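Engineer:
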């Protein structure tokens, strides 16, 4: 079983469209069972995401992308959860133009996450808009919300990212685009239960390399590969039926 928690699909103004059908073929080639998908932050093409998980509900989980600056964003997100079947929230502060210290902008969205017990994937690649240190206050403000720190600080702020995750039980680290030694550090410092496979397709990397990277980093821990490849993600997304089957 493999669950990948970071995949982008849909339309983009300046890039080729990423079709979920092509992603599904790539998943089959690399034996990825479930992909968590979201739209490009710039396009917010949630329709393509919805089409993916409604067509193949056992293969895709959808994160809803919304710009918190827009009027009605909170209501739109809540409707996506209750009426459309989305599984959580996708946040990209860099592309939507807010910093993670501007809590009045995006906290209403996280209040919805708390109400419906769904996770949030938030870009946390060390940019000034979304530096890993900001995640600490968010985790304290919303202790019941499972927060996936996407890209886990990349190369230049990974040390901060893993320490923040170690100190806060509701922060999880997603491995896409990280160097091998940063993945090792994430597991060693934050713990094997706090790290999730993410490939970041098509922007960050591709399945074979990312899967090999996390296997290498997790193989010496009890149930290490299973936890990073799927068990931790199943816990974050509440996939009890998957956990029971395996």
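Numbering (the numbering used here), first residue to last: 4 to 249.
C-beta atoms are modelled at their ideal positions from N, C-alpha and C, and glycine is treated no differently.
No experiment lies behind these values; they were computed from the predicted model shown.
1. Give a yes or no on whether 8 Å exceeds the smallest Cβ distance from residue 6 to chain B.
2. One question on the structure: do residue 167 and residue 148 come within less than 8 Å of each other, judged by their Cβ atoms?
3. Is the distance from the Cβ of residue 155 to the Cβ of residue 133 below 8 Å?
4. Bridge partners of residue 65, per DSSP?
5. Hey, how far is the Cα of residue 63 from the Cα of residue 206?
6. Compare the Cα-Cα distances from residue 31 to each of 115, 12, 5, 75 and report the closest residue.
7. At which residue ranges does the stretch 79–118 contain complete beta strand (DSSP E) runs of 3 or more residues, listed in the order of the chain?
8. Which of helix, strand or coil does DSSP assign to residue 124?
9. When you compare only the Cα positions, how much space is there between residue 138 and residue 25?
10. Comparing alpha-carbon positions, which option in 27, 10, 46 lies nearest residue 16?
11. Taking the alpha-carbon of residue 111 as reference, which of 126, 128, 81 has the nearest alpha-carbon?
12. Under the rule that 16 or more other beta-carbon atoms within 10 Å means buried, what is residue 188, buried or exposed?
13. Tell me which same chain residues have a C-beta within less than 6 Å of the C-beta of residue 241, skipping the five on either side of it?
14. How is residue 170 classed by DSSP in three states: helix, strand or coil?
15. As a quick exercise: from 19, 142, 68, 14, pick the residue whose alpha carbon is nearest that of residue 39.
Structural biologist: Taking the structure as given:
1. Of the protein chains in the structure, only one exists, and it is not chain B.
2. no
3. no
4. 40
5. 18 Å
6. 5
7. 91–94
8. strand
9. 33 Å
10. 46
11. 81
12. buried
13. none
14. helix
15. 68
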